[in-house]
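*Asks:* Note that the UniProt record's numbering gives residue 78 to position 78 of the sequence shown, counting from 1, and the numbers run on in steps of one. Built from N, CA and C at the ideal position, the CB exists for glycine as well. Please read these numbers as outputs of a predicted model, since none were measured by experiment. Below is a structure I'd like to ask you about.
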Amino acid sequence: MTTLILATDDIGCDRLRRAGKADVVIGLRHRFVWRKLPSPSELAGSLEARSAKHGVLGSHWLDDHRPKRLEPFSKDLGLIELCARCDSIELWVDPRPNDQLILIWLLDVLRPYRDILSRLSIVQTDAETGNFLPESLAEWQLPKLPVTDDRLRLASRAWRAYRAPTPEPCFALLMEDLAAIPRLRAALIALLEEIPGSRTGLGATEYRILDLVSDGCEKPTGLASETYRRCPVFNLREIESLLDGLAYCLTPALSGFNSELEAPDDVKARYERHLWSRLSLTDFGEEVLEHELNFRRHNPISRWWGGTELINSRLWQWDTDRRCLIAP
1 MTTLILATDD IGCDRLRRAG KADVVIGLRH RFVWRKLPSP SELAGSLEAR
51 SAKHGVLGSH WLDDHRPKRL EPFSKDLGLI ELCARCDSIE LWVDPRPNDQ
101 LILIWLLDVL RPYRDILSRL SIVQTDAETG NFLPESLAEW QLPKLPVTDD
151 RLRLASRAWR AYRAPTPEPC FALLMEDLAA IPRLRAALIA LLEEIPGSRT
201 GLGATEYRIL DLVSDGCEKP TGLASETYRR CPVFNLREIE SLLDGLAYCL
251 TPALSGFNSE LEAPDDVKAR YERHLWSRLS LTDFGEEVLE HELNFRRHNP
301 ISRWWGGTEL INSRLWQWDT DRRCLIAP
């Protein structure tokens, strides 16, 4: 009997494997909260059996996995083919929003494959598996949720909503019963809060960065870690990019970095800049933090939120007081 775990977190995947929770543990490394979403055809193609079209590293879902850790399976298998060879499949889902997006995407992908669904269960964790040692995870006995029709329907609707060209369908979902996917509501709210606020022009994570700097958290590495601990949407690398965006712009909210940003591929220079710099708020940053000025009225934005492109001329905003969307 071959058991498989599909995990939504990289570090958690490694810990689950070392804990011996299944014969094969595969981490899904997709990031759906940062940059433009891959097209449906790109996502579907990445899950197919390896072929000539997977010539670019990272274009196949198993590219980043060592062959030895996939035994007895081949690194060339597609998702459906691999799942079909397993007797039991568990989808371990961490609580962060990106993990919930991976969950709804996978359920939408697997929805037509009833035989696989009959052997699939969902394990929803209350904490990030990557924060626990393998010995601790080995003792976990978490509920296994069956993949029911109501979960499949909700997952497909939620994935379509997130891919929509406006955030309205996701906001509309909050008016409905989302209990079939327990952590979906919290994930959608956290994601919506990352849309630029109507008063500050900043998403929740950007605003938290300024707030922490104001409180004396001046070291970029510690600032990124503390922001990650408090804000659920982005990973450390993404938070560092948001931090850079607040400093390297037309009207900076932060000061303390080098005058020029290094090349994107200069990892060493980036590391040293974040290690040795000491940050503070500019006068403008203080006024944004106090809701006196709007960051986006002084700086351009070009960012993706799901399937929505956020640009100054067509900027969706989030009203943090009334907790609602404001259309462009």
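Identify every residue that forms a DSSP beta bridge with Thr-320.
*Replies:* Its beta-bridge partners do not exist; DSSP assigns none.
*Asks:* Check the DSSP bridge columns for Ser-141 and list the partner residues they point to.
*Replies:* For clarity, residue 141 is Gln in the given sequence; the question names Ser instead. According to DSSP, Gln-141 bridges with nothing at all.
*Asks:* Looking at the structure shown, is Val-93 part of a helix, part of a strand, or coil, going by DSSP?
*Replies:* In the structure shown, Val-93 sits in a strand (DSSP, three-state: E or B).
*Asks:* Would you kindly work out how many angstroms separate the C-alpha atoms of Ser-41 and Phe-73, rounded to a whole number?
*Replies:* Between Ser-41 and Phe-73, the C-alpha separation is close to 25 Å.
*Asks:* Helix or strand or just coil, what does DSSP make of Gly-197?
*Replies:* Correct three-state label for Gly-197: strand.
*Asks:* Count the CB pairs spanning the stretch 273–291 and the stretch 219–235 that are closer than 8 Å, and state whether there are at least three.
*Replies:* Touching, yes.
*Asks:* Return the residue from the list Leu-43, Leu-6, Trp-304, Leu-37 that minimises the CA-CA distance to Gly-27.
*Replies:* Of the listed residues, the one whose Cα sits closest to Gly-27 is Leu-6.
*Asks:* Are any of the Cβ atoms in chain B nearer than 8 Å to that of Thr-200?
*Replies:* Absence of chain B from the displayed structure is noted, only one protein chain being present.
*Asks:* If Glu-226 sits next to Leu-212, beta carbons under 8 Å apart, how far is it from one beta carbon to the other, in whole angstroms?
*Replies:* Glu-226 to Leu-212, Cβ: 6 Å. Contact.
*Asks:* Would the beta-carbon of Ala-164 fall within 8 Å of that of Gly-307?
*Replies:* Closer than 8 Å, so yes.
*Asks:* Kindly indicate which residue of Arg-270, Phe-234, Ser-121 has the alpha-carbon position closest to the one of Arg-35.
*Replies:* Comparing Cα-Cα distances from Arg-35 to each of Arg-270, Phe-234, Ser-121, the minimum goes to Phe-234.
*Asks:* Report the three-state DSSP secondary structure of Thr-222 (helix, strand or coil).
*Replies:* It should be pointed out that residue 222 corresponds to Gly in this sequence rather than to Thr. In the structure shown, Gly-222 sits in a helix (DSSP, three-state: H, G or I).
*Asks:* Could you pull the start and end residues of the beta strand (DSSP E) that Thr-308 belongs to?
*Replies:* Unbroken beta strand (DSSP E) run through Thr-308: 308–311.
*Asks:* Thinking C-alpha only, which one of Ser-259, Ala-253, Glu-128, Leu-142 is nearest Glu-286?
*Replies:* Taking only the C-alpha atoms, the option nearest Glu-286 is Ala-253.
*Asks:* Mapping the DSSP letters down to three states, classify Trp-305 as helix, strand or coil.
*Replies:* Strand.
*Asks:* Does the beta-carbon of Leu-250 have 16 or more other beta-carbons within 10 angstroms, so that it is buried, or is it exposed?
*Replies:* So Leu-250 ends up on the exposed side.
*Asks:* Go through the stretch 25–90 residue by residue and report every complete run of the alpha helix (DSSP H) that reaches 4 residues or more, in order.
*Replies:* Segments of the alpha helix (DSSP H) lying fully in the stretch 25–90: 40–46, 67–70, 79–84.
*Asks:* Within 10 angstroms of the Cβ of Asn-258, are there 16 or more other Cβ atoms? Answer buried if so, exposed if not.
*Replies:* The residue is exposed, with fewer than 16 neighbouring Cβ atoms inside 10 Å.
*Asks:* Could you tell me which residues DSSP puts in a beta bridge with Gln-124?
*Replies:* According to DSSP, Gln-124 bridges with Val-93.
*Asks:* In the DSSP assignment, find the unbroken beta strand (DSSP E) run with Ala-179 in it and report its ends.
*Replies:* Run containing Ala-179: none; DSSP gives neither H nor E here.
*Asks:* Please classify Arg-314: does DSSP put it in a helix, a strand, or coil?
*Replies:* DSSP places Arg-314 in strand when its eight states are reduced to three.
*Asks:* Relative to the C-alpha of Phe-32, which candidate in Lys-21, Ile-11, Asp-99, Asp-10 has its C-alpha closest?
*Replies:* Nearest C-alpha to Phe-32: Asp-99.
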